[in-house]
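J.: Sharing a structure with you now.
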Amino acid sequence: MTTRITIAGADFSANAVGFIPPVADGLAGWFYLGDTIAETQRDRAGIADGVLVGSPTINAGYVSFNGYSSGQRMQTSIVETANITLLTVARSSDAFSSGATKPMFVTNYGADPGHSSLLIGASIYVDGGTPPAALVRLGGGQDNNGTVQGQVNTSLTTADATIWNFYAGSLAATSSDTAATGNARKLYNSTTAQTGTSSNYPRVPHTVNTFRVGAAYNANFSGFCDIAFAAIYNRVLSDAEVQTIYQAVKTRLAAKHSITI
32 MTTRITIAGA
42 DFSANAVGFI
52 PPVADGLAGW
62 FYLGDTIAET
72 QRDRAGIADG
82 VLVGSPTINA
92 GYVSFNGYSS
102 GQRMQTSIVE
112 TANITLLTVA
122 RSSDAFSSGA
132 TKPMFVTNYG
142 ADPGHSSLLI
152 GASIYVDGGT
162 PPAALVRLGG
172 GQDNNGTVQG
182 QVNTSLTTAD
192 ATIWNFYAGS
202 LAATSSDTAA
212 TGNARKLYNS
222 TTAQTGTSSN
232 YPRVPHTVNT
242 FRVGAAYNAN
252 FSGFCDIAFA
262 AIYNRVLSDA
272 EVQTIYQAVK
282 TRLAAKHSIT
292 I
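Numbering (the numbering used here), first residue to last: 32 to 292.
Structural data, given as structure tokens:
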């Protein structure tokens with residue numbers, strides 16, 4: 032017989048032993064940012080902690096990053112897989128008008144020496160808009176009839192990106208036919224109940240870059256942003272699984288930091 036001990040009001044997210052993710056299968060990293068450096072860097076999945084670089088600003092419940100050009104980011108050791116899901120709680124009040132003001136939230140976007148230094152990588156980021164509205168995209172590499180390229184046609188418009196929103200993006204590798212767009216991508220803003228979908232050529236993961244939070248590997252996207260949460264799965268999550276994670280993160284951020292998503 033197993034005895035299950037429940038402690039009312041307890042928060043075990045600060046350690047990997049007591050923390051149980053709402054969706055465990057395929058979890059590669061789970062981070063609640065803010066409060067302290069140690070809390071921000073801790074991988075609640077218990078796999079490998081992140082590393083803060085460039086002294087971003089630590090706030091209660093989130094971290095502020097000033098973009099690629101500032102050298103600020105959280106570096107992880109998570110590699111891009113063919114099937115992948117990225118999730119984040121983010122906001123930005125930058126101008127979104129040029130590379131200097133477009134933020135990357137979760138990404139490994141940069142030059143890939145394994146593919147002739149082409150700029151590719153799986154990313155959730157802002158690619159324009161008139162603040163507070165933002166054009167949010169899900170990007171990733173693909174093989175279009177033998178040509179490796181970045182593909183950014185999965186998008187949605189967030190009415191107010193200056194407030195906290197829960198974004199998720201999944202990139203599937205279900206077909207290897209380079210002459211057909213048989214691979215689905217889906218971008219979510221669970222806060223506003225929005226989705227954007229597209230069909231793409233076969234996936235091409237970055238061969239070198241591991242994921243960063245708060246900045247890319249390239250100055251083309253150097254906007255500032257605040258990040259409260261980031262997680263990565265090495266598979267495509269279902270709509271129901273994304274919703275389950277959203278509800279869990281929503282409850283935790285509201286109760287602990289009064290962050291509303």
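Heads up, the beta-carbon is just placed ideally off N, CA and C, and yes, glycines get one too.
Between residue 159 and residue 127, which are expected to be in contact by the criterion C-beta below 8 Å, what is the C-beta distance as a whole number of angstroms?
T.: Their Cβ separation, rounded to whole angstroms, is 6 Å, which keeps residue 159 and residue 127 in contact under 8 Å.
J.: By DSSP, does residue 276 sit in helix, in strand, or in coil?
T.: Residue 276 falls in the helix class under three-state DSSP.
J.: I'd like the ranges of any beta strand (DSSP E) spanning at least 3 consecutive residues and lying wholly in the region 225-274.
T.: List check, beta strand (DSSP E) in window: 225-231, 241-244 and 256-264.
J.: If contact is defined by three or more beta carbon pairs under 8 Å, each pair taking one atom from either stretch, is the region 107-115 in contact with the region 86-96?
T.: Counting Cβ pairs under 8 Å, fewer than three are found: no touch.
J.: Do the region 208-223 and the region 241-249 touch if we need at least three Cβ pairs shorter than 8 Å?
T.: With a cut-off of 8 Å, the region 241-249 and the region 208-223 do not count as touching, because too few Cβ pairs lie within range.
J.: Could you tell me the distance, in whole angstroms, from the CA atom of residue 170 to the CA atom of residue 50?
T.: Computed Cα separation, rounded: 30 Å.
J.: Take residue 262 as the anchor and find which of 252, 254 and 273 has the nearest alpha-carbon.
T.: Closest option to residue 262, Cα to Cα, is 273.
J.: Here's the rule: buried if 16 or more other CB atoms are within 10 angstroms of the residue's CB, otherwise exposed. What is residue 125?
T.: With 16 or more Cβ atoms within 10 Å of its Cβ, residue 125 is classed as buried.
J.: Starting from the Cα of residue 138, find the closest Cα among 286, 195, 250 and 212 and give me that residue.
T.: Nearest of 286, 195, 250 and 212 to residue 138, Cα basis: 250.
J.: To which residues of the same chain is residue 200 closer than 6 Å at the C-beta, ignoring the five residues directly before and after it?
T.: So the list reads 117, 155, 169 and 218, once near-sequence residues are dropped.
J.: Looking at residue 172: is its Cβ nearer than 8 Å to the Cβ of residue 183?
T.: No, the Cβ-Cβ distance between residue 172 and residue 183 is not below 8 Å.
J.: Would you decide whether residue 302 is buried or exposed? Buried here means 16 or more other CB atoms lie within 10 Å of its CB.
T.: The requested residue 302 does not occur in the structure, where the chain is confined to residues 32 to 292.
J.: What is the DSSP secondary structure of residue 73, reduced to helix, strand or coil?
T.: Looking at residue 73 - three-state DSSP - the assignment turns out to be coil, as it is neither helix nor strand.
J.: Where does residue 120 land, buried or exposed, given buried means 16+ other C-beta within 10 angstroms?
T.: Looking at its Cβ environment, which holds 16 or more other Cβ atoms inside 10 Å, residue 120 is buried.
J.: What are the start and end residues of the beta strand (DSSP E) that includes residue 109?
T.: Residues 104-110.
J.: Pull up the DSSP beta-bridge partners for residue 198, would you.
T.: Paired residue(s): 119 and 220.
J.: Can you look up residue 93 in the DSSP assignment and give me helix, strand or coil?
T.: Strand, per DSSP.
J.: Buried or exposed: where does residue 176 fall if 16 or more other Cβ atoms within 10 Å of its Cβ makes it buried?
T.: By the neighbour-count rule (16 or more Cβ atoms within 10 Å), residue 176 is not buried but exposed.
J.: Given this structure, state the Cα-to-Cα distance separating residue 53 from residue 207, to the nearest angstrom.
T.: Their Cα atoms are separated by approximately 31 Å.
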